[in-house]
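For reference, each letter of the sequence shown is one residue, going -15 to -1, 1 to 415 in mature numbering (1 follows the signal peptide of the UniProt record, and there is no 0).
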Amino acid sequence: MDILWILWTIPAVIAVEETLMDSTTATAELGWTVYPVSGSSDNSWEEVSGYDENMNTIRTYQVCNVFDNNQNNWVRTKYIRRRGAQRIHVEMKFSVRDCSSIPNVPGSCKETFNLYYYESDADTATRTSPAWMENPWIKVDTIAADESFSQVDLGGRVMKINTEVRSFGPVSRNGFYLAFQDYGGCMSLIAVRVFYRKCPRIITNGALFQETLSGAESTSLVAARGVCIPNAEEVDVPIKLYCNGDGEWMVPIGRCMCKAGNEAVENGTVCRACPSGFFKPTQGDESCMQCPINSRTTSEGAINCICRNGYYRTDSDPLQMPCTTVPSAPQNVISSVNETSVMLEWMPPRDSGGREDVVFNIICKSCGGGRGGCTRCGDNVQFLPRQLGLTESRVYISDLLYLVTMLNLTSHAKKTEAFIQTATPFYCLF
């Protein structure tokens, strides 16, 4: 069964290239080692002053022994320290003469050359060591030109410069040498830049990732742990990114989110405390919200807004809901009374206090004659539809007690009183 791997790349992030050697920056002779020695009977690479594509003067190496068979001409760079890199990239700019444009050229004429490298812990190379052959040198590739020049191009001073990039690894010694082998071409090695790639410092998914060296192979993925930016925290799994062989971040795992009281700004690179008058109750990507009506914050970075004096919020009220106050009393109470029952009807309060969940409670008290106080009605009293939490504006009360007794020839009526109380999920006593 075929398996499809999908690797996610972080967009718009350019790899960091750290240059280890650049021949175009030389202010004097490059002084690379050639084989055979230049000026001997077998002419080899020769260092000369040349021009780049912008006609700037640079130091170059050239060779052109196309009329001699069995060419084996090498030029070796100076020792290059790898500075921790595991994979090395080589950018070569060069020009090659078109063999077919050379009159009477033998069939041994070439339009390619070979690139090699040799690792070493120290700068120990001599004119004869390492030996000028593929082993101990390691071949990287045969380099071919996309464009070659002819005698006509030379007459018109037309520059046909090729640019090729090759890479190799893993490298583990302290440094290395590069070598270029000509075996029968007419060419000029105009510029050589040696570099390695790093994944750049980046803030993504709410976390900071430091520069990370690419892996040893082109397919390598080097794991890097991220650190949540200030005022952010990890969600679910530890946050990671992977640096591929080309210095690109890939395969994001996990993320950090701004803590409660903080919001993401500057494209998610900063978690900023909610300003005064704003709040954010939970972790996440949401923006801070303005305090609801009748509430305020006491500092920046608030996770909720407190109610102003005289206003309240119930435990079940969402934090985004305005704070409300106590409703006013019911209006226009009408009662219909007989000996043992009463029907009460009323109008809603003039002021609901900003709430939509106003309910009514019925308080029933039995008050005797004389100086005795009132007491709660007995359990036998019935309320229809109920005594507490009424949403309707009427109630029927039955099984009330109404007696007239004779005490010292003075009549005292024993009566029952009913009170209507507005109620909300919070209660205030005055």
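All C-beta atoms in this analysis are idealised placements derived from N, C-alpha and C, irrespective of residue type, glycine included. Predicted model only: the values in this text are computed from it and were never measured.
Strand pairing of residue i, partner residues [DSSP]
i, result
"residue 126", "100"
"residue 281", "291"
"residue 209", "226"
"residue 247", "258"
"residue 134", "82"
"residue 149", "77"
"residue 32", "46"
Three-state class that DSSP yields for residue i in the structure shown
i, result
"residue 84", "helix"
"residue 8", "helix"
"residue 168", "coil"
"residue 62", "coil"
"residue 94", "coil"
"residue 3", "strand"
"residue 154", "coil"
"residue 22", "coil"
"residue 184", "strand"
"residue 306", "coil"
"residue 198", "strand"
"residue 39", "coil"
"residue 296", "coil"
"residue 286", "coil"
"residue 176", "strand"
"residue 159", "coil"
"residue 52", "coil"
"residue 15", "coil"
"residue 189", "strand"
"residue 268", "coil"
"residue 275", "strand"
"residue 301", "coil"
"residue 105", "strand"
"residue 393", "In this prediction, residue 393 has a pLDDT of 34, which is less than 50 and means its spatial position is unreliable; what the coordinates show is noted afterwards. Looking at residue 393 - three-state DSSP - the assignment turns out to be coil, as it is neither helix nor strand."
Residue range of the unbroken beta strand (DSSP E) whose run includes residue i
i, result
"residue 221", "217 to 229"
"residue 117", "Run containing residue 117: none; DSSP gives neither H nor E here."
"residue 236", "234 to 243"
"residue 42", "42 to 49"
"residue 258", "255 to 258"
"residue 382", "379 to 383"
Contiguous beta strand (DSSP E) assignments of at least 3 residues, all confined to the segment 311 to 374: 316 to 322, 327 to 332, 344 to 352, 359 to 361, 367 to 369
Inter-stretch contact at 8 angstroms, needing at least 3 Cβ pairs: the segment 216 to 232 / the segment 168 to 179: no
Cβ contact check for the segment 80 to 100 and the segment 213 to 221: 3 or more pairs under 8 angstroms: no
Contact between the segment 283 to 300 and the segment 253 to 272 (3+ Cβ pairs under 8 angstroms): yes
Stretch pair the segment 67 to 77 + the segment 154 to 162: three plus CB contacts closer than 8 angstroms: yes
Touching by the beta-carbon criterion (3+ pairs, under 8 angstroms), the segment 229 to 238 and the segment 248 to 255: no
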